Structure formats: structure tokens, C-alpha cells
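In our numbering, the protein residues as written are 14 to 153. Okay, structure first, notes after.
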């Protein structure tokens with residue numbers, strides 16, 4: 014689990030000082046997502062899935078750390094582009110088995126409204142969008 018430990022160190026650095034919508038230390042999210050997937054590569058991608066999108070880390074930084082290209086590519090696929098339509102993003106994710114497995118776990122965790130103290134209509138709409146994505150990503 015050397016890759017896992019390396020990814021955990023990177024994720025802790027990238028998400029230092031960040032909190033989620035519930036005010037919880039953000040590193041708890043990628044840790045939980047990693048607990049839902051199988052295999053070292055998937056767990057590594059799960060830990061890193063928000064690093065490029067939510068910090069100063071780049072895909073090239075991950076390559077320079079010596080992470081396998083398969084991991085870097087999956088993280089790149091999971092990084093939503095700034096002007097990318099959500100449906101296009103999910104379609105892209107579905108094409109990569111590693112990214113797909115991690116995104117399903119990510120959506121499952123992000124759909125858990127019990128994590129929030131006050132659930133708003135916006136939260137419910139977001140979860141409805143996530144449930145559609147889960148259905149689509151679950152199709153063969």
C-alpha cells in the first residue's frame with residue numbers, strides 16, 4: 014500500500030485547511046470514498062480525486078511524484094473542466110473504469126444528506142442530479 018500512503022500524504026497537503034459543506038475536515042471525504050472502492054489503484058485515485066480541482070496541485074505534479082500514469086489519467090478524468098457541462102463530464106468519466114468506480118463512490122458519499130445539519134432545496138436538487146449520474150454510471 015505504498016501508493017495509498019503516498020496519495021494520502023498528497024491529499025492531506027492539498028486539502029489542508031479545507032472543510033466540506035458540513036464543516037468537517039475535507040480529508041475525511043476522500044478517505045471515505047477510498048473506503049468504498051476496491052484495489053490499491055482505485056483507493057489511490059479516490060484519495061486524489063479532488064486534489065487537482067480543489068488545490069494548487071496539477072496532473073504534472075502528480076506525475077513528478079512518480080504516481081502511475083493510470084492513476085494520473087483517472088484523476089484527470091475526474092477533474093471537471095471549468096466550462097464543462099455536467100452531462101459531458103459524466104459521459105467522460107464513464108469511459109474509464111477506474112474513474113467510474115471512484116466517481117460512483119464519490120457520488121454515493123456526496124448524496125448522503127445525513128451529513129448536513131440543515132438540508133436545503135438546493136441540496137435536494139444536487140442529490141437528485143447525483144442520483145441520475147449514479148444510474149447512468151451503473152449501466153453497462
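Yeah, the Cβ is synthetic: ideal placement off N, Cα and C, and Gly gets one too. If you're wondering where the values come from, they're calculated on a predicted model, not measured in any experiment.
Cutting at 8 Å between CB atoms, please list the residues of its own chain near residue 103, excluding the five before and the five after it. 116, 146, 149, 150
Could you compute how far the alpha carbon of residue 64 sits from the alpha carbon of residue 21? 11 Å
Sort 92, 127, 51, 105 by Cα distance to residue 69 and report the nearest one. 92
Within 10 Å of its beta-carbon, does residue 108 have 16 or more other beta-carbons around it, so buried, or fewer, so exposed? exposed
CA-CA distance, residue 139 and residue 130? 16 Å
Cα-Cα, which of 39, 30, 84 is closest to residue 56? 84
Please identify the residue among 128, 136, 152 whose C-alpha is closest to the C-alpha of residue 36. 128
Which partner residues does residue 38 have in the DSSP bridge list? 32
Whose C-beta lies closer than 7 Å to the C-beta of residue 105 among residues of the same chain, with five residues either side of it excluded? 90
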